[in-house]
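Numbering (this note's numbering), first residue to last: -6 to 170. Working notes for the structure below.
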């Protein structure tokens, strides 16, 4: 166990400080009011949500966005809209956060590794955009937070996500049960 002031505790409390990351075709940025319809689509599309607990009711998503405000969706550091660099249209979201110690699936005993999470609108599938966004975020993380382990936690049934994780250089460690 680490003391509150130990280097490990300090390192595991950090996430990305970058507020925008760009790649050839994408801009990882903060949410804007114009992203509302894209967020609703990501939360309500049954195929997008297949391995994420299923679609949420549209009315619940709309109420949540209205109560919170679209711009606040990405308030937490390491939370980004994935936007098309040419049109600025939302194509998905990407998060690089610390995985809470009380959740399964860690590679270090005390937990707190960075966890990469991504979801793209269905019309953005198959174009290499998830790979491009994840690569840009991982490069930024390697620069800002060197030597920090990064996880991708997914279901074995999510073959597309597993293939992307492999393409990004991740290997299977274990299946949390």
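The beta-carbon is built from N, C-alpha and C at its ideal position, and this holds for glycine as well. Computed from a predicted structure; not experimentally measured.
- In the three-state reduction of the DSSP assignment, residue 68 falls in the coil class, being assigned neither a helical nor a strand state.
- Sixteen is the threshold: since fewer than 16 other Cβ atoms of the shown chains lie within 10 Å of the Cβ of residue 13, the residue is exposed.
- Distance from the CA atom of residue 23 to the CA atom of residue 74, rounded to whole angstroms, is 6 Å.
- Contact check between the region 75 to 86 and the region 116 to 131: three or more CB pairs, one atom from each, fall below 8 Å, which counts as touching.
- Contact between the region 28 to 37 and the region 54 to 68 is established, with three or more Cβ pairs separated by less than 8 Å.
- With a beta-carbon spacing of about 14 Å, residue 144 and residue 102 fall beyond the 8 Å limit used to define contacts.
- Here the alpha carbons of residue 156 and residue 136 stand approximately 25 Å from one another.
- By the neighbour-count criterion, in which 16 or more other beta carbons inside 10 Å mark a residue as buried, residue 154 falls on the buried side.
- For a cut-off of 8 Å, the C-beta gap from residue 35 to residue 114 is around 6 Å, short enough to register as a contact.
- Residue 145 sits in coil when the DSSP states are folded into three classes, being neither helix nor strand.
- Annotation for residue 152: the continuous alpha helix (DSSP H) segment containing it runs 152 to 160.
- Counted as a single uninterrupted DSSP element, the alpha helix (DSSP H) harbouring residue 128 occupies residues 122 to 137.
- One alpha carbon belongs to residue 10, the other to residue 130, and they sit about 11 Å apart.
- Within the same chain, 106, 142, 144, 166 come within 8 Å of residue 100 by CB-CB distance, once the 5 residues on both sides are set aside.
- Of the residues 76, 44, 152, 139, the one whose Cα lies closest to the Cα of residue 18 is 76.
- Across the set 15, 42, 8, 20, the C-alpha of 42 shows the shortest separation from the C-alpha of residue 112.
- In the structure shown, the three-state DSSP call for residue 13 is coil.
- For residue 51, the enclosing alpha helix (DSSP H) stretches over residues 51 to 61.
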